[in-house]
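Numbered by numbering that gives the first Met the number 0, the letters in the sequence shown go through residues 0 to 279 in order.
Down below is the structure, laid out as C-alpha coordinates.
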Amino acid sequence: MTLRSETRKTKLGAFVFLTVVSILWIAPLLWIISTSLKPESQAISWPLRWIPETLTFENYINVLSSTDESPILLWFWNSLFIATVHTALVLVVDALAAFAYARLQFRGKEVLFWALMATMMVPTVMNLVPLYSIVESIGWVDTPWAMIVPGLGGVFGIFLLRQFFETIPKDLEEAARIDGASTFQVFTRVVLPLSKPALVTLALFTFLANWNDYLWPLIVTNDVETRTLPVGLSMLQGAYTTQYAKLMAGTVLSAVPVLIMFLFTQRFFVKGLSAGGVKG
(Lines of atoms letter the chains of each structure in order from A and count residues from 1; the text may use other names and numbers.)
(Lines give C-alpha, C1' and ligand atoms only; values in the text may rest on other atoms or scores of the structure.)
Protein backbone atom coordinates (compact mmCIF):
# COMPACT_ATOMS: atom_id res chain seq x y z
CA MET A 1 0.00 0.00 0.00
CA THR A 2 2.84 2.37 0.79
CA LEU A 3 4.47 1.76 -2.59
CA ARG A 4 1.20 2.34 -4.41
CA SER A 5 0.58 5.50 -2.42
CA GLU A 6 4.03 6.86 -3.30
CA THR A 7 3.48 5.97 -6.96
CA ARG A 8 0.18 7.84 -6.99
CA LYS A 9 1.76 10.87 -5.33
CA THR A 10 4.58 10.82 -7.88
CA LYS A 11 2.14 10.66 -10.78
CA LEU A 12 0.00 13.41 -9.24
CA GLY A 13 3.04 15.62 -8.71
CA ALA A 14 4.19 15.04 -12.30
CA PHE A 15 0.71 15.83 -13.59
CA VAL A 16 0.51 19.07 -11.60
CA PHE A 17 4.00 20.10 -12.73
CA LEU A 18 3.28 19.41 -16.40
CA THR A 19 -0.05 21.23 -16.14
CA VAL A 20 1.63 24.33 -14.75
CA VAL A 21 4.34 24.23 -17.43
CA SER A 22 1.69 23.81 -20.14
CA ILE A 23 -0.23 26.84 -18.86
CA LEU A 24 2.97 28.91 -18.83
CA TRP A 25 3.62 27.93 -22.45
CA ILE A 26 0.04 28.32 -23.71
CA ALA A 27 -0.86 31.58 -21.90
CA PRO A 28 1.35 33.84 -24.09
CA LEU A 29 -0.02 32.20 -27.24
CA LEU A 30 -3.60 32.76 -26.10
CA TRP A 31 -2.78 36.38 -25.26
CA ILE A 32 -1.30 36.93 -28.74
CA ILE A 33 -4.42 35.50 -30.40
CA SER A 34 -6.70 37.53 -28.13
CA THR A 35 -4.84 40.77 -28.83
CA SER A 36 -4.89 40.16 -32.58
CA LEU A 37 -8.71 40.05 -32.43
CA LYS A 38 -9.05 43.37 -30.59
CA PRO A 39 -9.29 46.90 -31.95
CA GLU A 40 -6.10 48.87 -31.32
CA SER A 41 -7.80 50.94 -28.60
CA GLN A 42 -8.61 47.80 -26.59
CA ALA A 43 -5.17 46.27 -27.18
CA ILE A 44 -3.52 49.13 -25.26
CA SER A 45 -6.28 49.70 -22.70
CA TRP A 46 -5.89 49.17 -18.97
CA PRO A 47 -6.73 46.95 -17.15
CA LEU A 48 -5.80 44.14 -19.49
CA ARG A 49 -8.59 41.85 -20.68
CA TRP A 50 -8.13 38.35 -22.00
CA ILE A 51 -11.46 38.26 -23.85
CA PRO A 52 -11.98 41.04 -26.42
CA GLU A 53 -14.97 43.27 -25.81
CA THR A 54 -15.29 43.76 -29.57
CA LEU A 55 -14.23 40.90 -31.80
CA THR A 56 -12.71 42.10 -35.06
CA PHE A 57 -10.67 40.68 -37.93
CA GLU A 58 -9.65 44.12 -39.13
CA ASN A 59 -6.05 43.56 -37.99
CA TYR A 60 -5.72 40.49 -40.20
CA ILE A 61 -7.23 42.37 -43.14
CA ASN A 62 -4.73 45.19 -42.62
CA VAL A 63 -1.86 42.71 -42.41
CA LEU A 64 -2.86 40.97 -45.62
CA SER A 65 -3.34 44.31 -47.39
CA SER A 66 0.17 45.09 -48.60
CA THR A 67 1.42 48.68 -48.49
CA ASP A 68 4.65 50.26 -49.64
CA GLU A 69 5.74 50.97 -46.07
CA SER A 70 4.86 47.59 -44.56
CA PRO A 71 4.29 44.92 -47.26
CA ILE A 72 3.69 42.13 -44.74
CA LEU A 73 2.35 39.73 -47.35
CA LEU A 74 5.52 40.20 -49.39
CA TRP A 75 7.66 39.60 -46.30
CA PHE A 76 5.65 36.44 -45.68
CA TRP A 77 6.38 35.09 -49.15
CA ASN A 78 10.03 36.09 -48.87
CA SER A 79 10.36 34.07 -45.67
CA LEU A 80 8.47 31.13 -47.13
CA PHE A 81 10.62 31.01 -50.28
CA ILE A 82 13.92 31.44 -48.42
CA ALA A 83 13.09 28.90 -45.70
CA THR A 84 11.81 26.31 -48.21
CA VAL A 85 14.78 26.53 -50.58
CA HIS A 86 17.26 26.64 -47.69
CA THR A 87 15.69 23.54 -46.11
CA ALA A 88 15.75 21.59 -49.38
CA LEU A 89 19.42 22.41 -50.01
CA VAL A 90 20.38 21.59 -46.41
CA LEU A 91 18.82 18.14 -46.77
CA VAL A 92 20.84 17.48 -49.94
CA VAL A 93 24.17 18.72 -48.58
CA ASP A 94 23.85 17.21 -45.10
CA ALA A 95 22.62 13.86 -46.40
CA LEU A 96 25.56 13.52 -48.79
CA ALA A 97 28.08 14.49 -46.11
CA ALA A 98 26.48 12.25 -43.50
CA PHE A 99 26.52 9.26 -45.86
CA ALA A 100 30.22 9.81 -46.53
CA TYR A 101 31.00 9.90 -42.81
CA ALA A 102 28.77 6.91 -42.05
CA ARG A 103 29.62 4.52 -44.88
CA LEU A 104 32.62 5.60 -46.96
CA GLN A 105 36.17 4.88 -45.88
CA PHE A 106 38.86 7.52 -46.34
CA ARG A 107 41.96 8.65 -44.49
CA GLY A 108 41.34 10.94 -41.51
CA LYS A 109 37.58 10.44 -41.52
CA GLU A 110 37.11 10.33 -37.75
CA VAL A 111 39.51 13.22 -37.11
CA LEU A 112 37.76 15.34 -39.71
CA PHE A 113 34.33 14.45 -38.37
CA TRP A 114 35.10 15.35 -34.76
CA ALA A 115 36.88 18.52 -35.87
CA LEU A 116 33.65 19.40 -37.64
CA MET A 117 31.67 18.64 -34.47
CA ALA A 118 33.97 20.95 -32.51
CA THR A 119 32.80 23.90 -34.60
CA MET A 120 29.43 23.64 -32.85
CA MET A 121 31.09 25.19 -29.80
CA VAL A 122 31.91 28.37 -31.72
CA PRO A 123 29.25 31.08 -31.09
CA THR A 124 27.36 32.01 -34.24
CA VAL A 125 27.87 35.75 -33.70
CA MET A 126 31.63 35.30 -34.14
CA ASN A 127 31.04 34.42 -37.79
CA LEU A 128 28.82 37.38 -38.64
CA VAL A 129 31.55 39.84 -39.68
CA PRO A 130 33.58 37.48 -41.94
CA LEU A 131 30.38 35.98 -43.34
CA TYR A 132 29.01 39.41 -44.19
CA SER A 133 32.31 40.32 -45.87
CA ILE A 134 32.04 37.23 -48.07
CA VAL A 135 28.39 37.87 -48.93
CA GLU A 136 29.10 41.51 -49.77
CA SER A 137 32.06 40.64 -51.98
CA ILE A 138 29.89 38.23 -53.97
CA GLY A 139 27.17 40.86 -54.32
CA TRP A 140 24.48 38.96 -52.44
CA VAL A 141 23.46 41.73 -50.05
CA ASP A 142 19.72 42.43 -50.42
CA THR A 143 19.20 39.12 -52.26
CA PRO A 144 17.58 35.88 -51.06
CA TRP A 145 20.85 33.97 -51.61
CA ALA A 146 22.43 35.77 -48.65
CA MET A 147 19.90 33.99 -46.42
CA ILE A 148 19.79 30.69 -48.32
CA VAL A 149 23.38 29.65 -48.96
CA PRO A 150 25.14 30.39 -45.61
CA GLY A 151 24.59 27.51 -43.22
CA LEU A 152 23.90 24.84 -45.85
CA GLY A 153 26.50 22.52 -44.32
CA GLY A 154 24.79 22.39 -40.95
CA VAL A 155 26.92 20.45 -38.47
CA PHE A 156 23.90 19.38 -36.43
CA GLY A 157 22.21 17.97 -39.52
CA ILE A 158 25.31 16.01 -40.50
CA PHE A 159 25.56 14.56 -37.01
CA LEU A 160 21.86 13.64 -36.85
CA LEU A 161 21.80 11.94 -40.25
CA ARG A 162 25.12 10.17 -39.71
CA GLN A 163 23.86 8.63 -36.48
CA PHE A 164 20.67 7.52 -38.23
CA PHE A 165 22.49 6.11 -41.26
CA GLU A 166 24.63 3.96 -38.97
CA THR A 167 21.49 2.28 -37.60
CA ILE A 168 20.61 0.97 -41.09
CA PRO A 169 21.79 -2.64 -41.49
CA LYS A 170 24.73 -2.95 -43.86
CA ASP A 171 23.25 -6.19 -45.18
CA LEU A 172 20.75 -4.15 -47.19
CA GLU A 173 23.54 -2.21 -48.85
CA GLU A 174 25.55 -5.34 -49.58
CA ALA A 175 22.50 -6.94 -51.17
CA ALA A 176 22.05 -3.89 -53.39
CA ARG A 177 25.72 -3.98 -54.41
CA ILE A 178 25.41 -7.66 -55.33
CA ASP A 179 22.56 -6.65 -57.65
CA GLY A 180 24.93 -4.20 -59.32
CA ALA A 181 24.02 -0.95 -57.54
CA SER A 182 26.66 1.77 -57.37
CA THR A 183 27.48 3.73 -54.24
CA PHE A 184 25.24 6.60 -55.33
CA GLN A 185 22.40 4.18 -56.11
CA VAL A 186 22.78 2.61 -52.67
CA PHE A 187 22.51 6.10 -51.20
CA THR A 188 19.44 7.15 -53.20
CA ARG A 189 17.54 3.84 -53.39
CA VAL A 190 18.36 2.18 -50.07
CA VAL A 191 19.58 4.65 -47.47
CA LEU A 192 17.38 7.68 -48.20
CA PRO A 193 14.03 5.81 -48.38
CA LEU A 194 14.77 4.23 -44.98
CA SER A 195 15.76 7.59 -43.47
CA LYS A 196 12.49 9.49 -43.82
CA PRO A 197 12.07 10.06 -40.04
CA ALA A 198 15.52 11.64 -39.71
CA LEU A 199 15.15 13.67 -42.90
CA VAL A 200 11.74 15.01 -41.85
CA THR A 201 13.06 15.88 -38.39
CA LEU A 202 16.01 17.75 -39.86
CA ALA A 203 13.72 19.52 -42.32
CA LEU A 204 11.47 20.69 -39.49
CA PHE A 205 14.36 21.99 -37.39
CA THR A 206 15.98 23.71 -40.37
CA PHE A 207 12.78 25.33 -41.61
CA LEU A 208 11.90 26.58 -38.14
CA ALA A 209 15.37 28.03 -37.53
CA ASN A 210 15.46 29.82 -40.89
CA TRP A 211 11.86 31.01 -40.62
CA ASN A 212 12.44 32.57 -37.18
CA ASP A 213 15.91 33.96 -37.90
CA TYR A 214 16.08 37.68 -37.21
CA LEU A 215 19.66 38.84 -36.75
CA TRP A 216 21.23 37.65 -40.02
CA PRO A 217 18.37 38.84 -42.31
CA LEU A 218 18.48 42.16 -40.49
CA ILE A 219 22.19 42.52 -41.34
CA VAL A 220 22.05 41.51 -45.02
CA THR A 221 18.83 43.30 -46.03
CA ASN A 222 18.47 47.04 -46.45
CA ASP A 223 15.62 47.25 -48.93
CA VAL A 224 12.10 46.96 -47.50
CA GLU A 225 11.02 44.58 -50.28
CA THR A 226 13.80 42.04 -49.58
CA ARG A 227 13.22 41.70 -45.85
CA THR A 228 11.84 38.60 -44.19
CA LEU A 229 8.81 38.42 -41.91
CA PRO A 230 10.59 38.59 -38.51
CA VAL A 231 12.54 41.68 -39.60
CA GLY A 232 9.49 43.23 -41.21
CA LEU A 233 7.28 42.74 -38.15
CA SER A 234 9.84 44.50 -36.00
CA MET A 235 9.28 47.59 -38.17
CA LEU A 236 5.77 47.85 -36.75
CA GLN A 237 7.38 48.85 -33.47
CA GLY A 238 8.12 52.51 -34.05
CA ALA A 239 10.21 54.87 -31.96
CA TYR A 240 7.12 56.50 -30.44
CA THR A 241 4.20 54.19 -31.21
CA THR A 242 3.63 50.46 -31.64
CA GLN A 243 0.67 48.90 -33.43
CA TYR A 244 0.20 46.05 -30.98
CA ALA A 245 -2.97 44.56 -32.45
CA LYS A 246 -1.56 44.54 -35.99
CA LEU A 247 1.75 43.21 -34.72
CA MET A 248 0.01 40.32 -32.94
CA ALA A 249 -2.01 39.52 -36.07
CA GLY A 250 1.20 39.30 -38.08
CA THR A 251 2.73 37.11 -35.38
CA VAL A 252 -0.20 34.69 -35.54
CA LEU A 253 0.07 34.46 -39.33
CA SER A 254 3.81 33.87 -39.07
CA ALA A 255 3.19 30.79 -36.93
CA VAL A 256 0.78 29.17 -39.41
CA PRO A 257 3.36 27.57 -41.80
CA VAL A 258 5.32 26.08 -38.91
CA LEU A 259 2.19 24.64 -37.29
CA ILE A 260 1.03 23.14 -40.59
CA MET A 261 4.44 21.62 -41.21
CA PHE A 262 4.57 20.14 -37.71
CA LEU A 263 1.06 18.65 -38.00
CA PHE A 264 2.04 16.82 -41.19
CA THR A 265 5.40 15.61 -39.86
CA GLN A 266 4.76 14.88 -36.19
CA ARG A 267 4.55 11.10 -36.73
CA PHE A 268 8.15 11.14 -38.00
CA PHE A 269 9.42 13.64 -35.43
CA VAL A 270 9.82 11.50 -32.29
CA LYS A 271 11.00 8.49 -34.30
CA GLY A 272 13.65 10.55 -36.02
CA LEU A 273 15.04 12.00 -32.80
CA SER A 274 15.06 8.71 -30.91
CA ALA A 275 16.56 6.67 -33.73
CA GLY A 276 19.16 9.34 -34.47
CA GLY A 277 20.47 9.18 -30.95
CA VAL A 278 20.98 5.38 -30.91
CA LYS A 279 23.89 3.70 -32.62
CA GLY A 280 23.67 0.05 -33.38
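Glycine is no exception: its CB is placed at the ideal position from the N, C-alpha and C atoms.
query: Thinking C-beta only, is residue 15 closer than 8 Å to residue 245?
result: no
- request: Look up residue 142 in the DSSP assignment and say whether it is helix, strand or coil.
  value: coil
- request: Write down every uninterrupted run of the alpha helix (DSSP H) in the segment 55–133 whose length is 4 residues or greater and which is fully enclosed by it, in chain order.
  value: 57–63, 71–102, 108–117
task: For residue 297, name the three-state secondary structure that DSSP assigns.
output: The shown model of the chain, from 0 to 279, leaves out residue 297, and the question about it has no answer.
task: For residue 238, count neighbouring C-beta atoms within 10 Å of its own C-beta (all shown protein chains included) and say buried if the count is 16 or more, exposed if not.
output: Since pLDDT at residue 238 reaches only 48, below the 50 mark, its modelled position is unreliable, and the value read off the structure follows with that caveat. Residue 238 should be labelled exposed.
message: In the DSSP assignment, the alpha helix (DSSP H) including residue 42 goes from what residue to what residue?
response: 39–42
field: Reduced DSSP secondary structure (H/G/I, E/B, other) of residue 225
entry: helix
message: At the level of alpha carbons, what is the spacing between residue 223 and residue 40?
response: 28 Å
- prompt: Under 8 Å between the Cβ atoms of residue 80 and residue 143?
  reply: yes
message: Considering only their Cβ atoms, is the gap separating residue 194 from residue 164 smaller than 8 Å?
response: yes
query: What residues in its chain sit with their C-beta under 7 Å from that of residue 190, if we drop five residues either side in the sequence?
result: 98, 164, 167
- request: Indicate whether residue 146 and residue 38 have their beta-carbon atoms separated by less than 8 Å.
  value: Against a cut-off of 8 Å, the Cβ pair of residue 38 and residue 146 comes out as no contact.
- prompt: So, do the segment 152–160 and the segment 83–102 have three or more beta carbon pairs nearer to each other than 8 Å?
  reply: yes
task: Drop a sphere of 10 angstroms on the beta-carbon of residue 233, count the other beta-carbons inside from all chains shown, and report buried for 16 or more, exposed for fewer.
output: By the 10 Å Cβ count, residue 233 comes out exposed.
query: Between the segment 255–263 and the segment 196–211, do three or more beta carbon pairs fall short of 8 Å?
result: yes
- prompt: Along the chain, where does the alpha helix (DSSP H) that runs through residue 205 open and close?
  reply: 195–211
field: Outcome for residue 213 when other beta-carbon atoms lying within 10 angstroms are tallied against a minimum of 16
entry: Per the 10 Å Cβ criterion, exposed.
- prompt: Which partner residues of residue 182 appear in the DSSP bridge assignment?
  reply: In the DSSP assignment, residue 182 forms no beta bridge with any residue.
task: Measure the alpha-carbon distance for residue 156 versus residue 54 and round it to whole angstroms.
output: 44 Å
task: Specify, as a first and last residue, the run of the alpha helix (DSSP H) that residue 154 falls within.
output: 154–164
message: To the nearest angstrom, how far is the alpha carbon of residue 180 from that of residue 106?
response: Approximately 24 Å, taken between the alpha carbons.
query: Are the CB atoms of residue 26 and residue 243 nearer to each other than 8 Å?
result: Not in contact: residue 26 and residue 243 (Cβ atoms no closer than 8 Å).
- prompt: Is the distance from the Cβ of residue 151 to the Cβ of residue 228 below 8 Å?
  reply: no
- prompt: What are the start and end residues of the alpha helix (DSSP H) that includes residue 215?
  reply: 214–219
- request: Could you name the residues of the same chain whose beta carbon sits closer than 8 Å to that of residue 7, not counting the 5 residues immediately before and after it, in chain order?
  value: none
field: DSSP state of residue 150 mapped onto helix, strand, coil
entry: coil
query: When the distance is taken between beta carbons, is residue 75 closer than 8 Å to residue 252?
result: Cβ atoms of residue 252 and residue 75: closer than 8 Å.
message: Once DSSP output is grouped into helix, strand and coil, what is the label at residue 192?
response: DSSP places residue 192 in the helix class (H, G or I) of the three-state scheme.
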